[in-house]
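For reference, the structure is listed below as structure tokens.
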Amino acid sequence: MRILIRTSKWAIWARRLGSLAVPLVVLPVLMHRERIIESPGFLVAMAFAAVVGVLAVLVGLVALARLWHTGDIGWGRAIAGLLLGLACLAPFFWYGHLALSNPLATDIATIDRGELPLIFEPGMTDLPPPRLLTVQQRQRFFPNATTRTYPLDPAQLFVLVERLVAAQGWDVRLRREPGLAGEPGRINARIVTLLGWREEAVLRVAPIAGGSAVDMRSVSLAAPSDFGANGRRISDFLVALDNEVTAFLRDNPTLIGTPESDEPSPEVDVGNGD
113 MRILIRTSKW AIWARRLGSL AVPLVVLPVL MHRERIIESP GFLVAMAFAA
163 VVGVLAVLVG LVALARLWHT GDIGWGRAIA GLLLGLACLA PFFWYGHLAL
213 SNPLATDIAT IDRGELPLIF EPGMTDLPPP RLLTVQQRQR FFPNATTRTY
263 PLDPAQLFVL VERLVAAQGW DVRLRREPGL AGEPGRINAR IVTLLGWREE
313 AVLRVAPIAG GSAVDMRSVS LAAPSDFGAN GRRISDFLVA LDNEVTAFLR
363 DNPTLIGTPE SDEPSPEVDV GNGD
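In structure tokens form, the structure reads like this:
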């Protein structure tokens, strides 16, 4: 007597759904980065991809359970569908973790936002209203995102800031050096995130008594949340600037006084963060 061993249909559908979920996740990201689709369409496409990924995982689990009881073939298909579904859902789990770990915000600045204006370009007139943090929230979640003051001339400090911006690979849209009459210098730069969101960083170098101050703003232009990216960007940049200024002053000690000088050397304030 011949025993017929069937291929599980659940296993077949698990692999089909898992194989479908992969391009549904990857293609919208590529199209969003290249601006083939706009942000609302991207969100819809990613939501649909998440649904397909969940279905691939659920069907894969059902397929494995049925294979265990029926003895049908299709273990490879069921496991492939399950793993592909989980791989496609991994970015959603990660951003879910970031959403729970960070406050809901899209616009963070070390000073009043009006002093760090954005550059508005075609297509930016219908941006959603920004989500702002209170000062207390910013200090709690991003303690290093604070105004920096240094005992450097604004022109010298502007060079260091510009060097760091170039090292980040940001697309500079506006560059204005500090003026001789005390006008602050400013840099506006655009950033494209991994998922294709457009963001903008604004830096200002202003003269103060005894040196210069640096302030920064970082904005997600159309995303519903920045998942903490703007606060981390400001913190990381200003901490890197602290290190850059420290190295610059170490290599140029005459800028803040020498041991032979009768005047005491002014202290270097490298930020108010922890």
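All residue numbers for the sequence shown refer to our numbering, where the first residue is 113 and numbers rise by one.
Cβ atoms here follow ideal geometry from the backbone N, Cα and C, with glycine treated the same way.
**Stretch pair the segment 239 to 259 + the segment 341 to 356: three plus CB contacts closer than 8 Å** = yes
**Message:** Going by beta-carbon coordinates alone, are V273 and I303 separated by less than 8 Å?
**Reply:** no
**Item:** Where E295 falls, given that 16 or more other Cβ within 10 Å makes a residue buried
**Value:** exposed
**3-residue-minimum beta strand (DSSP E) runs that sit fully inside the segment 286 to 352, ordered along the chain** = 297 to 304, 310 to 320 and 323 to 332
**Message:** By DSSP's criteria, R260 is part of a beta bridge. Which residues make up the other side?
**Reply:** V326
**Request:** With a cut-off of 8 Å on the beta carbons, I'd call P290 and V271 a contact; round off their distance for me.
**Result:** Taking 8 Å as the upper bound for CB-CB distance, P290 and V271 are not in contact here, some 10 Å apart.
**Bridge-paired residues (DSSP) for T119** = Its beta-bridge partners are I185.
**Asked** What are the boundary residues of the beta strand (DSSP E) that A217 is part of?
**Response** Per DSSP, A217 belongs to no beta strand (DSSP E) and is neither H nor E.
**Message:** Only counting the same chain, and skipping five residues up and downstream in sequence, which positions put a Cβ closer than 6 Å to that of L264?
**Reply:** G323 and S324
**Asked** Taking P229 as the reference, which of R127, L286 and L196 has the closest Cα?
**Response** L286
**Message:** Which residue marks the beginning of the alpha helix (DSSP H) containing E274, and which one marks its end?
**Reply:** P266 to Q280
**Item:** Stretch-stretch touch, CB-based, cutoff 8 Å, three pairs: the segment 161 to 180 with the segment 206 to 218
**Value:** no
**Prompt:** Do you know whose CA, among Q280, A301, M158 and V357, lies nearest R288's CA?
**Reply:** A301
**Asked** At a Cβ threshold of 8 Å, is V134 touching chain B?
**Response** Any reference to chain B falls outside this structure, which holds one protein chain only.
**Nearest residue (CA-CA) to A190, options I223, C200 and A126** = For A190, the nearest C-alpha among the options comes from A126.
**Request:** Given a cut-off of 8 Å, decide if V163 and L132 are closer than it, judged by their beta-carbon atoms.
**Result:** no
**Asked** When DSSP labels each residue in this structure, what does L196 get in the three-state scheme?
**Response** The DSSP-derived three-state label of L196 is helix.
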